[in-house]
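All remarks here apply to the structure that follows.
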Amino acid sequence: MATGADAARITAKVRGKDITLDGPLTKDEIRSRIWWWLSAEPEASEEGEDTRREHDGAGKDVIMTLGGYYEVSPDPHTPEAQNLVEMVHDELNPDG
-5 MATGADAARI
5 TAKVRGKDIT
15 LDGPLTKDEI
25 RSRIWWWLSA
35 EPEASEEGED
45 TRREHDGAGK
55 DVIMTLGGYY
65 EVSPDPHTPE
75 AQNLVEMVHD
85 ELNPDG
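Here the working numbering is used: the first residue of the sequence shown is -5, the next is one more, and so on.
Here's what the structure looks like:
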């Protein structure tokens, strides 16, 4: 994984969490890192309490690329989601 100052980096906000994608990543890695947050179950403590702050849905799930901001579809299998994965992949892997 590239870690220098010139390494490709894309940021996202999904379910209220800030996510950073550092290249290079495969399309499957991109898909799993973005959409995992949409499908993650709340964590319960030993006392049975929900320890994860719930996302109130007020903010949109978005990803910021060189081309601008894009809303993240709740379903990773839609054509829009596939197009987003392709675009992110191309930006994180400029050499192919």
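Every residue gets a Cβ at the ideal spot worked out from N, C-alpha and C, and that includes glycine. This one's a predicted model, so the numbers in the text were calculated from it and none came from an experiment.
Same chain, Cβ closer than 7 Å to residue i, five either side skipped, listed in chain order
i: K54; result: E65
i: D68; result: Sequence check: residue 68 is Pro here, not Asp. Cβ neighbours of P68 beyond the five flanking positions: L32.
i: P88; result: A2
i: V8; result: I28, W31, L32, D55 and V66
8 Å Cβ cutoff met for residue i and residue j
i: P70; j: W29; result: yes
Own chain partners of residue i with C-beta closer than 8 Å, once the 5 adjacent residues on each side are dropped
i: D12; result: T5 and A6
i: E23; result: none
i: E74; result: S67
Cβ separation of residue i and residue j, assumed to be a contact under 8 Å, to the nearest whole Å
i: R3; j: V79; result: Going by Cβ atoms, the distance from R3 to V79 rounds to 16 Å, so no, they are not a contact pair.
i: G18; j: L60; result: For clarity, residue 18 is Pro in the given sequence; the question names Gly instead. That belief does not hold up - the Cβ atoms of P18 and L60 are roughly 15 Å apart, past 8 Å.
Neighbourhood of residue i by C-beta distance below 6 Å, restricted to the same chain and skipping five residues each side
i: Y63; result: V56
Residues bridged to residue i (per DSSP)
i: D12; result: K7
i: T59; result: G62
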